[in-house]
Amino acid sequence: MVAIFAPIAIFVGVVVTILLAFFSFWDTVNTRAVERAGGLTYELDRAGITMKPQEIVLTVFAGVALVWIGLVMLLRPTLLMAGLLLAAIALAGALGFYGWVRFKIQRRLETFITQLEMGLRLIASGVKVGLGLRQALAMVIEELPNPARYEFLRVIGQTNIGISVLDAMDDLAKRMPSNETLMMARVIRVQSQSGGDLARVLEQLAGTIRDRRHVHRKISALTSEGRMSALVLMFIPVGLGLFMVTTQPNLGHALLFTPIGHGVLFTLLILEIVSFFWLRQILKVTV
207 MVAIFAPIAI
217 FVGVVVTILL
227 AFFSFWDTVN
237 TRAVERAGGL
247 TYELDRAGIT
257 MKPQEIVLTV
267 FAGVALVWIG
277 LVMLLRPTLL
287 MAGLLLAAIA
297 LAGALGFYGW
307 VRFKIQRRLE
317 TFITQLEMGL
327 RLIASGVKVG
337 LGLRQALAMV
347 IEELPNPARY
357 EFLRVIGQTN
367 IGISVLDAMD
377 DLAKRMPSNE
387 TLMMARVIRV
397 QSQSGGDLAR
407 VLEQLAGTIR
417 DRRHVHRKIS
427 ALTSEGRMSA
437 LVLMFIPVGL
447 GLFMVTTQPN
457 LGHALLFTPI
467 GHGVLFTLLI
477 LEIVSFFWLR
487 QILKVTV
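First residue of the sequence shown: 207, per our numbering; consecutive thereafter.
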């Protein structure tokens, strides 16, 4: 009789222990989850992504689950390898999502900086004809497309609720972090406190941004060969594996349907991820 109820008692004890530990740390977990959600919302806003964080998280989880189920049905791994495969796919999904968001943020920032030169010239033109800084910013909203229009519209919106134009420009420099936006915010704040020809300074800053863009384009041209070489190096193992699976059925079967082959694929995935970030760091040039 004792032997029958012992497993049930152990199971109930483990479940109760887990529930008690969960409720004990609930406040800490909930606080960190709220902070993470707030940070994700901020990053999505910077990237110009309109989806809600909950929708994106559910989409990523669903994609990871579908890929894992498909690979398990195809490869038929052992229980241990299935767990490792799930962890690898989840890590790849999280890193892929993070990389996609960072890519969107960087692309949006580059577009904004490209438009900033014209925006500064428009502001300088408005100041020259006697408009205030806020009215000159309204000209930018009317003339430029997104993301410059959206960001300067937020500046105007912040001034409508009582925030000064200078503080709103500082907030813009935080949302779109770059040397160009930081210089713009600093120049406008200094000129408002010390006086001087703001239009002339803004035109000079626009010329500086144009020269920096020229340098960035030159760097991109000089490093294009290295980026292409890195891309080829990353795809060589993938291409070699596909060639081996296609032309050598025995080796392909050993790679796809044996524990050793699954270990090789898992190691390859980890090395590919590490090499991606390593090569990206090597080719990174800061100006």
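Every residue gets a Cβ at the ideal spot worked out from N, C-alpha and C, and that includes glycine.
{"query": "Bounding residues of the alpha helix (DSSP H) (the contiguous stretch that carries residue 380)", "result": "371-381"}
{"query": "Simplified DSSP state of residue 235, which is helix, strand or coil", "result": "Caution applies to residue 235, whose pLDDT of 44 falls short of 50 and renders its modelled position unreliable; the value that the coordinates give is listed next. If DSSP states are grouped into helix, strand and coil, residue 235 belongs with the helices."}
{"query": "Chain-order list of residues whose beta-carbon lies under 8 Å from that of residue 479 (same chain, five-residue window excluded)", "result": "297, 298 and 301"}
{"query": "Reduced DSSP category for residue 351 - H, G, I as helix; E, B as strand; rest coil", "result": "coil"}
{"query": "Exposure label - residue 550; buried when at least 16 CB within 10 Å", "result": "The structure shown has nothing for residue 550, since the chain only spans 207 to 493."}
{"query": "Rounded separation between residue 385 and residue 294 - CA only", "result": "37 Å"}
{"query": "Residue 262 versus residue 398: straight-line alpha-carbon distance, rounded", "result": "43 Å"}
{"query": "Cβ shell of residue 376 (< 7 Å), same chain only, five flanking positions each side left out", "result": "391"}
{"query": "Cα-Cα separation between residue 438 and residue 444, rounded to whole angstroms", "result": "10 Å"}
{"query": "Simplified DSSP assignment, three categories, for residue 256", "result": "coil"}
{"query": "Buried versus exposed, by CB contacts within 10 Å (16 or more), residue 309", "result": "exposed"}
{"query": "Cβ distance (whole Å) where residue 288 is taken to contact residue 322 below 8 Å", "result": "Contact flag wrong, Cβ pair sits at about 50 Å."}
{"query": "Distance, residue 357 Cα to residue 317 Cα", "result": "12 Å"}
{"query": "Three-state class that DSSP yields for residue 490 in the structure shown", "result": "coil"}
{"query": "Proximity of residue 324 and residue 412 at Cβ, strictly below 9 Å", "result": "yes"}
{"query": "C-alpha distance - residue 359 paired with residue 347, whole-angstrom precision", "result": "6 Å"}
{"query": "Sequence-distant residues of the same chain with beta carbon closer than 8 Å to residue 450, five excluded per side", "result": "457, 458 and 461"}
{"query": "Exposure of residue 336, with buried meaning 16 or more beta-carbon neighbours within 10 Å", "result": "exposed"}
{"query": "Span of the alpha helix (DSSP H), counted from its first residue to its last, around residue 317", "result": "285-334"}
{"query": "Secondary structure of residue 367, DSSP reduced to three states", "result": "coil"}
{"query": "Neighbourhood of residue 388 by C-beta distance below 7 Å, restricted to the same chain and skipping five residues each side", "result": "379"}
{"query": "Residue 339 classed as buried or exposed, judged by whether at least 16 other C-beta atoms fall within 10 angstroms", "result": "buried"}
{"query": "Whole-Å CB distance - residue 291 paired with residue 274, under 8 Å assumed", "result": "6 Å"}
{"query": "Helix, strand or coil at residue 208 according to DSSP, with G and I counted as helix", "result": "Because the pLDDT of residue 208 is 48, which lies under 50, any placement of that residue in the model is unreliable, and the number read from its coordinates should be weighed accordingly. In the structure shown, residue 208 sits in a helix (DSSP, three-state: H, G or I)."}
{"query": "Extent of the continuous alpha helix (DSSP H) run through residue 337", "result": "First-last for residue 337: undefined, no H or E at that position."}
{"query": "Per-residue DSSP class, three states only, for residue 399", "result": "helix"}
{"query": "Residue 282 (DSSP reduced to helix, strand or coil)", "result": "coil"}
{"query": "Burial state of residue 330 (16 or more Cβ within 10 Å)", "result": "buried"}
{"query": "Residue 315 versus 254, 374 and 280, residue with shortest Cα-Cα distance", "result": "254"}
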